[in-house]
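Notes follow once the structure below has been shown.
Residue numbers (the numbering used here): 1 to 221.
As structure tokens, then:
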């Protein structure tokens with residue numbers, strides 16, 4: 001059987017390259033408009049600040065876990081749709097991926113701590129309230145679907161996020177040893193919440209893919 005070895009650029013690949021080039025062009029435009037040197041947008045933050053490369057390692061691992069969760073949700077959504085699964089569960093994964101992306105970008109770019117208050121005059125508490133409302137709407141919309149899954153890691157995730165927010169209310173004082181440790185509790189609980197979030201969606205997506213009907217086209221190939 002002959003195989004077609006010609007180099008092809010499918011539309012999704014072209015869209016990916018186009019989006020990447022558009023992003024780089026946007027960075028260039030912002031640099032020219034604001035006068036901020038381009039290298040401040042491109043170099044590693046630790047190198048930019050001449051800091052230890054392990055600076056913010058706990059936060060960075062959390063961002064990677066957010067990203068992995070979103071990737072699992074979107075990839076599983078595409079596969080289940082391709083296999084002709086019931087529309088409700090793929091829709092649940094799609095919205096789960098969107099919610100995860102929102103939390104990812106907020107964590108990575110400090111939306112509620114920096115962007116919203118300084119650029120849009122939206123206070124941090126109001127931003128938290130909007131996020132909470134979105135999550136509640138999401139949970140209400142997919143409550144039946146979630147009840148059909150093994151949702152213990154999701155409950156653990158929300159519990160850890162609650163603990164993290166609770167410790168965030170405590171005073172921040174690096175000069176007092178007992179208060180300095182609170183950063184470990186706050187950010188450690190947050191990391192445990194993100195990891196539990198990933199565990200829930202990775203396990204849920206795996207079980208859904210394993211139990212879904214196979215793709216006829218893949219079997220024929």
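Backbone N, C-alpha and C define an ideal beta-carbon position, used for all residues, glycine too.
Would you kindly check if the distance between the Cβ of residue 158 and the Cβ of residue 65 is under 8 Å? The count along the chain shown starts at 1 and reaches residue 65 at position 65. The count along the chain shown starts at 1 and reaches residue 158 at position 158. No, they are not a contact pair.
For the pair the segment 76–93 and the segment 136–152, tell me if three or more CB-CB distances fall below 8 Å. yes
Bounding residues of the alpha helix (DSSP H) (the contiguous stretch that carries residue 159): For the purposes of this step, residue 159 is taken as residue 159 along the chain shown, with counting starting at 1. Its alpha helix (DSSP H) spans residues 152–168.
Which of helix, strand or coil DSSP assigns to residue 90: Walking along the chain shown from the start, residue 90 turns up at place 90. It is helical.
CB contact flag (residue 191, residue 58, <8 Å): The residue given as residue 191 occupies position 191 in the chain shown. The residue given as residue 58 occupies position 58 in the chain shown. In this structure, residue 58 lies closer than 8 Å to residue 191 by Cβ.
DSSP three-state label for residue 207, please. Within the chain shown, the letter at position 207 stands for residue 207. Correct three-state label for residue 207: helix.
Ordered along the chain, which non-local residues of its own chain (more than five positions away) have a Cβ less than 7 Å from that of residue 120? Residue mapping note: residue 120 aligns to position 120 of the chain shown, counting from 1. Hits under 7 Å: none found.
Using alpha carbons as the reference points, say which of 44, 61, 17 lies closest to residue 195. Sequence index remark: in the chain shown, residue 195 carries index 195 (1-based). Distance from the Cα of residue 195 is smallest, within the candidate group 44, 61, 17, for 61.
Any beta-carbon of chain D closer than 8 Å to the one on residue 57? Judged by its chain identifiers, the structure shown contains no chain D, having just a single protein chain.
For residue 67, I'd like the list of residues in its chain whose CB is within less than 8 Å of its CB, leaving aside the five on either flank, ordered along the chain. To locate residue 67, count along the chain shown from 1; it is residue 67. Here the set comprises 104.
Give the secondary structure of residue 77 by DSSP, where H, G and I count as helix, E and B as strand, and everything else as coil. The residue given as residue 77 occupies position 77 in the chain shown. Of the three classes helix, strand and coil, the one that applies to residue 77 here is helix, per DSSP.
For the alpha helix (DSSP H) that contains residue 49, what are its first and last residues? In the chain shown, the residue the question calls residue 49 occupies position 49. From DSSP, residue 49 is part of no alpha helix (DSSP H); its letter is neither H nor E.
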